[in-house]
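The opening residue of the sequence shown carries number 1 in the UniProt record's numbering; numbering runs sequentially from there.
Every residue, glycine too, gets a C-beta built ideally from N, C-alpha and C.
Predicted model, so just to flag it, every value in this text is computed and none were measured.
Reading through the structure tokens given below for one structure.
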Amino acid sequence: MAASMVVGRKLLKLSSTLVFRAQEARLLSSQVSVQEDVKYPPIRGKYPPGEWPKNEEDMHPDVCWEWYDKGQEFRSLPTIQERLDHMESTYFDKDYGVHTYVYPSLNLSPNSLEFQQFVTKTALIEGMPNVYNLLDVQKDIDYLTPLLKEKIVMNTTLMRRDKNNFISKRETSHEFIKDIMMMVITCMGGKYRHLVESSLNEQVDIHAHWNRYKVERLLPQEKRYQTYWSPDKITIKPSHSQYNHCFLSQGKADLLLRTELPLPEFVSMNDELSTKEYPPFDYFPNQHRTRRQWKKLKVSPGHNFGDPNSFGYLAVLNSNDDKWLTNTRSYPRGVVHNMKRGWGMNNMFLWTVAQAHYQGFNSYNNITYPFTSQGIITDGKRYTFMAYQLNTLHLWKDDAAEPLVNLCWHKDNQKLYDTVEDGEVKGFNEEVCAQLLKFFLIRPAERGYDLRPTLPEDSTDRIKKNAWIEDKVEIVEEVEEIVFDES
């Protein structure tokens, strides 16, 4: 009896197992029939799309994917303000910021021009771009030249009359340059509408940051520390093994002129000049007064975000500064010229980088068109002219992956006039006058392509502010005439 019960239990257990397996087989077969068109995620390659450094010691493939994913993350943000806030608050320690090199825009260290060219990846070109030679503005220059001479005589007379007053040379030269700008805007505003519609700012701070290749990171980008209780908690991620470092800088311009449309391209990004060689640099940045500090990132081209005049037109730097003269008095003339050249180049670089950020680009999303701006360094009598074109923000890549170079044209230390005697300007330089006025008379123009290509089509930043204002519609209300009984 007991044996038959044991056999019955075994048969019952076996039958239940067979039934379960049959049900499982039917379920699997139904799932296979339903999932015949299963799509698996794509297999990621070793490197993301695009050009990337191939030397794994400089930049590990995982790091390349990290930069690429961050770029896609920025592209998913619909507005520029969200991207700026995301850049300044997300990837770095909220209390300390980022361990960055604080790069001085005015570097008083002698023989630092090549270092500044390397950090900004800028090639210097003597002369001016060809676009100025194509300007047909000789009649306007002939009209403005007597007015400019009159301004020079007036400024010199006021300086001699008020020489005993406590007015610095910087203030007098600042007011002189401002008077010239206002004169050109007033006299030529009817013909050159961009002058009337532009925005003029004084004493403007400019902020920008970027990452530069071939500068080793001595500390990881993320905050890491070791405690007594958890000495083995430190882990070095692949993102720390990359051969680039963050730079942060602040510049200041005496006068800034901004327009709604950008200046024309000086040269095409496909031109040979855009891949021109620049000086290499193999020294540590500390050798040129560039120190590492914990700083919070900031980007500002000198105006609030949302201003319709968001493209840089002309920046004026005042070299008639007591501090400047005190620090450079003992230097040879050639060293001082290089300092001024580097000063102007750095400020133009910072200005164009900040403008690019305000159009939706950053170090993760490279610019798709060049940013161009003009600069003048002057004390009222001597002038250094500069024209800058920003071709790339991917300075954290090597030259093989990113061959484009930023360009800076310059004409150094040219004297506008010699002296003023008996109410007349002596030794007036017509060529310097023509170049000065051409910087105001070159017209901004439509580029013919999307200036904010990384923004979604439905982004609110693509809508002009005046489009939010409803058009006034005149409503004519007919009132029934009331006829009074005069009887």
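- Here DSSP, grouped into helix, strand and coil, assigns residue 331 to coil.
- Between residue 314 and residue 356, the gap from beta carbon to beta carbon reaches 8 Å or more.
- Within the segment 100-161, the complete alpha helix (DSSP H) runs of at least 4 residues fall at 113-120 and 138-161.
- In this structure, the alpha-carbon of residue 48 lies about 19 Å from that of residue 392.
- With fewer than 16 other CB atoms across the displayed protein chains lying within 10 angstroms of its CB, residue 291 is exposed.
- Pairwise C-beta distances place the segment 408-416 in contact with the segment 329-343, as three or more of them are shorter than 8 Å.
- Assignment of alpha helix (DSSP H) within the segment 272-331, counting only whole runs of 4 or more residues, yields 322-328 in chain order.
- Looking at the backbone, the Cα of residue 307 and that of residue 206 are separated by about 15 Å.
- Residue pairing by DSSP places residue 421 opposite 424 in a beta bridge.
- Annotated as proximal: residue 253 and residue 347, with beta-carbon spacing under 8 Å.
- If the five residues before and after residue 128 are omitted, its C-beta is found closer than 8 Å to the C-beta atoms of 385, 387, 409, 411 and 435, all from its own chain and listed in chain order.
- Shortest Cα-Cα distance from residue 300 to any of 266, 251, 288 and 285 involves 251.
- In the structure shown, residue 215 falls within a coil segment according to DSSP collapsed to helix, strand and coil.
- In the assembly as shown, residue 309 is a buried residue. Its beta-carbon has 16 or more other beta-carbons within 10 Å.
- Here residue 448 is exposed, its C-beta having fewer than 16 other C-beta atoms within 10 Å.
- The beta carbons of residue 41 and residue 259 sit about 47 Å from each other, so the pair does not count as a contact at 8 Å.
- Taking 8 Å as the cut-off, the beta carbon of residue 255 is found closer than this to the beta carbon of residue 178.
- Residue 286 counts as exposed, since fewer than 16 other C-beta atoms from the protein chains shown sit within 10 angstroms of its C-beta.
- A straight-line Cα-Cα distance of about 30 Å links residue 212 and residue 201.
- The shortest C-alpha to C-alpha distance from residue 316 to any of 288, 374 and 266 is the one to 374.
- Under DSSP, residue 374 forms a beta bridge with 314 and 387.
- Straight-line measurement puts the Cα of residue 147 at about 15 Å from the Cα of residue 432.
- When C-alpha distances from residue 175 are compared across 143, 152 and 312, the shortest belongs to 152.
- Proximity to residue 167 across 321, 419, 342 and 368 peaks at 321, based on C-alpha coordinates.
- The C-beta of residue 43 has fewer than 16 other C-beta atoms within 10 Å across all chains shown, which makes the residue exposed.
- Taking C-beta atoms as the reference points, residue 341 and residue 104 fail to come closer than 8 Å.
- As the crow flies, the alpha-carbon of residue 76 is around 49 Å from that of residue 172.
- Counting along the chain, the unbroken alpha helix (DSSP H) around residue 75 starts and ends at 61-76.
- Taking all protein chains in view, the Cβ of residue 402 is crowded by 16 or more other Cβ atoms within 10 Å, so the residue is classified as buried.
- In this structure, residue 100 and residue 359 do not form a Cβ contact; the two beta carbons are roughly 23 Å apart against a cut-off of 8 Å.
- Contact between residue 404 and residue 269 is confirmed by a C-beta separation of about 6 Å, below the 8 Å threshold.
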